[in-house]
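Okay, structure first, notes after.
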Amino acid sequence: MKKKKRKNLTTQWSNLYIVITLFFIVGFAFFLTSKVFIADELDILNTEIGKEHNLNSNGKFIIKDWVYDEKNNKMQVTLITSNMRSYLSELNFRAVARVNLDKELPTEVVYSSNDIYIIDIHEVPKNFQQVALRLVKKDILLGEEFEQESTENHNEEKLITSIYADERVVKRGSITERNVKDYAIQVTDEMIEESKKEIEELNNKIKNEKSVINRINEEIATLKNEIIYQTLEEQEQTNNSIYNMEKEIQKSNNTIENLELDIKSLEAKIERLEQRKRDLKYFN
15 MKKKKRKNLT TQWSNLYIVI TLFFIVGFAF FLTSKVFIAD ELDILNTEIG
65 KEHNLNSNGK FIIKDWVYDE KNNKMQVTLI TSNMRSYLSE LNFRAVARVN
115 LDKELPTEVV YSSNDIYIID IHEVPKNFQQ VALRLVKKDI LLGEEFEQES
165 TENHNEEKLI TSIYADERVV KRGSITERNV KDYAIQVTDE MIEESKKEIE
215 ELNNKIKNEK SVINRINEEI ATLKNEIIYQ TLEEQEQTNN SIYNMEKEIQ
265 KSNNTIENLE LDIKSLEAKI ERLEQRKRDL KYFN
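Going by the working numbering, the sequence shown opens with residue 15, and the numbers climb by one from there.
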């Protein structure tokens, strides 16, 4: 009887050891696989919408909108650019999804006028992870544009920058076959309003600079009234103070001149945008 109890007890302990061992094996396996999954998780790569991106000598751009239409496997990107192309260069677009880097996605520029581009990206795969839209510039050599061999050698595309959309944060919506002209007018109106706001901000800065100048002039007038009652040493210090104040006034005047130039530039931009809007309404 004692042997039977001892045998049962031994069996129970053996089963307990087996359960504990299996528990550790399963837990360890889960830990390893979870680490693999964590290691494979990509950092979010999504270019900020509405922010001006400065490419120095290659110009500037703003992503106005980036929409992913999952149902139609399509994306639409609206770009506002500045100084990114000229009569000696063209701006082209190339797209690729991280899930399949060997396949280039078809792109189509559905609208292009001066500095506004609306680009459609087709055949976007499900679970694309991240999509890169590459902005490339193709230089045109005027003296050789009719020479086929030279064109093949020299009209090569140069990557300017890449912008990204991440499937975890990209804006999702329906991309309808809307009237691109109406959308271009809407974007143009928004650009006009933004330019007007910038002008208002610049005028406020000019107003502040003029207030600074008036305050300094009052201080200078006070010092000049007091200087006749001062000793030679005090007069020297006062004259130095007046000299430094006059330098501050000149600095503010220079700032005002630069701000006024910026305002003129924005006013000219508004005129161009207004003309573009008229052209869109009456000639397209």
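Heads up, the beta-carbon is just placed ideally off N, CA and C, and yes, glycines get one too.
query, result
"Tell me where the alpha helix (DSSP H) around Q200 begins and ends.", "V194 to E240"
"Excluding five sequence neighbours on each side, which residues of the same chain lie with their C-beta closer than 6 Å to the C-beta of K172?", "K151"
"Should V91 go down as buried or exposed, given a rule of 16 or more other Cβ atoms within 10 Å for buried?", "buried"
"Which term fits Q289, buried or exposed, when burial requires 16 or more other beta carbons within 10 angstroms of its beta carbon?", "exposed"
"Output the distance between the C-alpha atoms of S48 and L56, rounded to the nearest integer angstrom.", "Note on S48: pLDDT 40, under 50, position unreliable in the model; the coordinate value appears next. So the alpha carbons of these two residues sit roughly 14 Å apart."
"Straight-line CA distance for R229 to N258?", "14 Å"
"Taking DSSP as the reference, what is the three-state secondary structure of D129?", "coil"
"For S266, which of helix, strand or coil comes out of DSSP?", "helix"
"If you draw a straight line from the C-alpha of A111 to the C-alpha of Q144, how long is it?", "6 Å"
"Any idea which residues DSSP pairs H67 with across the strands?", "F75"
"Note down, in chain order, each residue of its chain lying with its Cβ closer than 6 Å to the Cβ of L280, except the 5 sequence neighbours on either side.", "S209, E212 and I213"
"Going by DSSP in three states, T121 sits in which element: helix, strand or coil?", "strand"
"In terms of residues, what are the limits of the beta strand (DSSP E) holding E171?", "E171 to D180"
"Between K88 and I132, what straight-line distance do the alpha-carbon atoms span, to the nearest angstrom?", "13 Å"
"Terminal residues of the continuous beta strand (DSSP E) containing E89?", "The sequence shown places Met at residue 89, not Glu. K88 to S96 is the span of the beta strand (DSSP E), which, as asked, contains M89."
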